[in-house]
Amino acid sequence: MDALKAIPRRELRWIVVPIAIVGVAFLAYWIGYRFTHSITNDAFVESDMVVLAPKVSGQIVEMLVADSEHVGKGQLLFRIDPVPYREQIALDLANEKKAGADLEVARSALARLEGRIPDQIALAQRQLAAANDELLVAEGELEHSRATVEHDVAKAEQNVRIREAERDLALITYKRFDELFASRMASREMRDTKKAALDAAKAHLDQAHTELAQAHSDALKVTVAEKARNAARNRVRQAESQLALAKLGPIDIVEARHVVESHAQQLEAMRAQRAKHETNLRDTEVVAPFNGVVVKRFQFHGDYATLGGPVLSLYDTDNLYVTANLEETKLARVGPGHAVRLSVDAFDRPFKGHVLWIGKATGAQFALIPRDVSSGEFTKVVQRVPVRILIDEDKRWPDLRPGLSVTVAISHSKPDRMPVATPSTIPEATAQGGKDPDKP
């Protein structure tokens with residue numbers, strides 16, 4: 000204070016006035032900056048954090064990355080023991096080969112049936128036609144035999160009756176002449192002539208009986224013909240049965256086709272199963288889905304990885320962004336495309352960015368224990384809304400990492416450009432009172 004008193008008043012004015020001017024100017028700039036920007040320090044650098052898990056189970060035989068290691072898209076990260084899956088594929092190939100052989104056997108059987116059944120039907124039809132012809136011939140011969148035998152018997156019986164009449168006439172004549180000869184009214188020669196006529200009539204009668212017996216014996220031909228006719232009928236029935244059996248062949252063909260289709264379906268199912276196991280074999284090698292950094296490994300070489308169990312976490316280095324939780328009272332003049340000043344605590348110079356989207360719900364809506372004010376106990380607390388901000392890349396981009404604290408200052412001026420959203424930063428919501436970036 001003594002030093003200040005020692006300074007002349009004129010010189011002191013020249014020192015205080017510039018300082019006051021600078022202070023007023025800074026205060027005016029600070030107040031104006033606060034009115035033209037929405038500022039919050041509740042913001043962090045974030046990225047798409049992915050927890051990689053295998054699609055198959057097995058022992059980890061190779062762990063090819065370490066924590067904090069940069070990896071490229073498609074780079075092999077770790078490998079599950081492939082031996083059981085290769086053995087399963089070998090078994091599938093053996094089963095598939097057997098199923099293919101069974102299918103070929105079924106197809107060959109079907110081809111034989113398709114070639115043999117029509118021939119069997121045609122042969123059975125020819126045999127039936129021949130048997131019918133034989134039956135017609137046998138029935139004709141039977142009718143002819145019956146007619147011939149009946150005619151011969153009738154003729155022989157008629158001849159017997161004629162010969163009996165001739166014999167009776169000859170006998171009467173002989174007796175009459177024998178009596179005349181006894182009374183000497185006829186000569187011996189006349190009696191002997193009548194006797195010879197009687198003997199001839201008897202001989203003729205015996206011949207007629209012989210012929211009648213022969214005619215009756217010819218009736219055996221009818222029996223033979225009947226047996227031949229019955230045998231022909233049996234052959235016809237047998238041929239009809241064979242034809243009916245041959246006509247069942249198409250049913251066998253249908254069944255054989257069903258067998259072929261069944262074997263074909265089994266083969267296709269085995270091929271699909273083998274394809275699935277081959278996919279499982281490929282899934283034993285887990286690769287990076289994008290360019291990123293390994294954050295943390297949860298399992299290591301020799302551990303048994305289960306299906307869907309986390310092995311390591313990875314974040315996308317090509318998709319870093321800032322999520323700012325902005326007070327609801329500061330959203331009025333904030334919208335997509337607005338320029339943003341990003342002061343990252345880990346860097347001495349700020350980054351630039353642009354608002355991508357503004358959430359349609361406050362962060363409190365996603366709290367594990369939501370607020371319940373239905374009981375009447377209520378204290379008003381300013382809510383915060385998530386704002387997604389894309390960072391403009393510069394040479395410091397590789398040094399950014401998720402979790403860094405950021406102070407965000409969003410300009411209220413007119414948006415200078417609309418940010419381009421990547422698939423992982425597609426707007427979940429747009430600004431309150433602002434424009435949707437997908438709309439003009």
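Residue numbers are given in numbering that gives the first Met the number 0: position 440 of the sequence shown equals residue 439, and the series is strictly consecutive.
Here a beta-carbon is modelled for each residue, glycine too, at the ideal position from N, C-alpha and C.
Small disclaimer: the values here were computed from a predicted structure and weren't measured.
Local Cβ density within 10 Å of residue i, reported as buried at 16 or more and exposed below that
i, result
"Y303", "exposed"
"A430", "Confidence in A430 is poor, its pLDDT being 34 and thus under 50, which makes the residue's placement too unreliable to answer from."
"K226", "exposed"
"K351", "exposed"
"T328", "exposed"
"W356", "buried"
"K193", "buried"
"R190", "buried"
"P335", "buried"
"R228", "buried"
"V204", "Looking at the sequence itself, residue 204 is Leu, so the reference to Val does not match. Classification of L204: buried, given that the 10 Å Cβ count is 16 or more."
"P439", "With a pLDDT of 34 at P439, under the threshold of 50, the modelled position of this residue cannot be trusted, and the question is left open."
"L3", "Because the pLDDT at L3 is just 47, under 50, the model does not fix this residue reliably, and the point stays unresolved."
"A181", "exposed"
"G433", "With a pLDDT of 38 at G433, under the threshold of 50, the modelled position of that residue is not reliable, and the figure given next carries that caveat. By the 10 Å Cβ count, G433 comes out buried."
"E427", "Caution is warranted here: a pLDDT of 40 is assigned to E427, below 50, making its placement in the model unreliable, and the coordinate value is therefore given only provisionally. The residue is exposed, with fewer than 16 neighbouring Cβ atoms inside 10 Å."
"L134", "buried"
"R296", "buried"
"E95", "buried"
"T35", "exposed"
"T283", "buried"
"H143", "exposed"
"D393", "exposed"
"F299", "exposed"
"I171", "exposed"
"T316", "buried"
"D66", "exposed"
"D198", "exposed"
"G358", "buried"
"P53", "buried"
"V343", "buried"
"L399", "buried"
"A195", "exposed"
"A121", "exposed"
"I390", "buried"
"V159", "buried"
Beta-carbon gap between residue i and residue j smaller than 9 angstroms
i, j, result
"E326", "V285", "no"
"A338", "V405", "no"
"A287", "R340", "no"
"V294", "Y314", "yes"
"G402", "V44", "yes"
"V221", "V148", "yes"
"V55", "N279", "yes"
"G99", "L266", "yes"
"V354", "R387", "yes"
"A155", "K201", "no"
"A263", "L102", "yes"
"H276", "S37", "no"
"G109", "L242", "Gly is not the amino acid found at residue 109; the sequence shown has Leu there. No. Outside cutoff."
"S78", "L90", "According to the sequence provided, residue 78 is Arg. The question's Ser does not apply to it. Cβ atoms of R78 and L90: not closer than 9 angstroms."
"D442", "N318", "Nothing about residue 442 can be read from this structure; the chain reaches only from 0 to 439."
"A153", "A224", "no"
"V440", "E68", "For the chain, the structure presents residues 0 to 439; residue 440 sits outside this window and is missing."
Paired residues, beta bridge with residue i - DSSP
i, result
"L319", "S46"
"L313", "V49 and V293"
"Q58", "Y303"
"S410", "H36"
"G352", "V339 and I390"
"E284", "R78"
"L326", "Before going on, a small fix: residue 326 reads as Glu here, not Leu. Per DSSP, R383."
"H257", "None; H257 has no bridge partner."
"V235", "For V235, which the question treats as bridged, DSSP gives no partner whatsoever."
"I357", "V386"
"H203", "DSSP output for H203 lists no bridge partner at all."
"V70", "G291"
"S404", "F43"
Distance cut-off 8 angstroms: residue i Cβ against heavy atoms of the ligand MG
i, result
"V49", "The ligand MG is not part of the structure shown, which contains no ligands of any sort."
Min CB distance residue i to chain C below 9 angstroms
i, result
"M184", "Going by chain labels, chain C is absent from the structure shown, which holds only one protein chain."
Three or more C-beta pairs under 8 angstroms: does that hold for the region 251-267 against the region 108-115? yes
Count Cβ pairs between the region 148-163 and the region 265-276 that sit closer than 8 angstroms; are there 3 or more? no
Determine contact between the region 50-64 and the region 296-310, defined as no fewer than three beta-carbon pairs at a distance below 8 angstroms. yes
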